[in-house]
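Quick notes on the structure that follows.
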């Protein structure tokens, strides 16, 4: 029986909410600079229903750069990289946004009318009561929202942060506040760069700082493939080495001082069982 199920799974085509042919929707220089994936027609919805906002995001990201020292330095509550994004988007009207909601419930009861048959009496009577449930939606936050588009950046947090982000975007979408969301994070192609940086700095636990259990595209797309965004269309954008402005000069000025080993092999696809174990840990 188990063999039959395995065989059936192997031969059954998989459903995917991932979109194809982004070249006809998004500018080629943008696709060359970032690894871009679209789920539930996010790219098409953004280009047709929110062209101005999408254009602002693309223009901002094309000028967005990261320096190697910013990757090395600790960020405290908010890293320099996150502050740079604030400086790009806040002047264009993109601001942190929260939503809260209570639910108003009306209970309507229809009963047979015992007086029916007498003049002017209807067959049934209708009565109603109202109740409320407080904080059905409570404090869901997205870093940047403008009109009907949401944008979040996760440079380097625990990968469970994506669950919070996607849940918030889903709540905004289901409340009718946004049409689509955009999430920016690190691409797997940065893995070799982090390894080389780790070999050139004397920072304790640098390997785990940018390891496989932090926020990067593999951990995001695993969740999007599992539809944790619900019905909300999401454009996932991976930051590639092209965004790092000064890496070659920095590397030349910082010789190798140790061997940190690999960083959890970010170039490998995320394994479903491994991802679940990470989340339970």
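Numbering (our numbering), first residue to last: 1110 to 1390. Beta carbons: idealized from backbone N, C-alpha and C, even for Gly. Remember, it's a predicted structure, so these values are computed and weren't measured experimentally.
- [ ] Out of 1245, 1216, 1247, state which residue places its alpha-carbon closest to the alpha-carbon of residue 1236.
- [x] 1216
Task: Of the residues 1195, 1345, 1322, the one placed nearest residue 1333, counting alpha carbons only - done: 1345
Task: residue 1091 versus residue 1218: straight-line alpha-carbon distance, rounded - done: No answer is possible for residue 1091: the residues shown for the chain start at 1110 and end at 1390.
Task: Sub-9 Å separation of residue 1325 and residue 1296 beta-carbons - done: yes
TODO: Please confirm whether residue 1294 and residue 1243 have their CB atoms less than 9 Å apart.
DONE: no
Task: Same chain, Cβ closer than 6 Å to residue 1177, five either side skipped, listed in chain order - done: 1355, 1356, 1359
Task: Counted within 10 angstroms of its Cβ, other Cβ atoms place residue 1212 as buried (16 or more) or exposed - done: exposed
Task: Residues bridged to residue 1262 [DSSP beta-bridge criterion] - done: 1293
Open item on the list: Taking the beta carbon of residue 1255 as the centre, do at least 16 other beta carbons fall within 10 Å, making it buried, or is it exposed?
Closed with: buried
Task: residue 1207 in three-state terms, based on DSSP - done: strand
TODO: Give a yes or no on contact between the segment 1134-1149 and the segment 1161-1173, applying the rule of three or more CB pairs nearer than 8 Å.
DONE: yes
Task: Reduced DSSP category for residue 1387 - H, G, I as helix; E, B as strand; rest coil - done: For residue 1387, the pLDDT reaches just 43, beneath the cut-off of 50, and the residue's location in the model is therefore unreliable, although a value from the coordinates is still provided. Helix at residue 1387.
- [ ] Name the residue from 1163, 1279, 1307 whose alpha carbon lies nearest to the alpha carbon of residue 1182.
- [x] 1307
Open item on the list: I need the boundaries of the alpha helix (DSSP H) containing residue 1182, first residue and last residue.
Closed with: Element bounds for residue 1182: n/a, residue is neither H nor E.
Task: Nonlocal neighbours in the same chain, by C-beta distance under 8 Å from residue 1284, ignoring five residues either side - done: 1208, 1210, 1246
Open item on the list: Cutting at 8 Å between CB atoms, please list the residues of its own chain near residue 1163, excluding the five before and the five after it.
Closed with: 1155, 1156, 1258
TODO: Quickly, what does DSSP pair residue 1148 with across the bridge? List them, please.
DONE: 1127, 1343
TODO: May I ask you to report which of helix, strand or coil DSSP gives residue 1310?
DONE: coil
Open item on the list: Counting C-beta neighbours from all protein chains within 10 Å, is the total for residue 1121 16 or more, i.e. buried, or is it exposed?
Closed with: exposed
- [ ] Within the same chain, show all residues whose beta-carbon is closer than 6 Å to that of residue 1363, passing over the 5 residues directly before and after it, in chain order.
- [x] 1309
Task: Close Cβ partners of residue 1135 (< 8 Å) along its chain, the five nearest in sequence each way excluded - done: 1145, 1152, 1156, 1167
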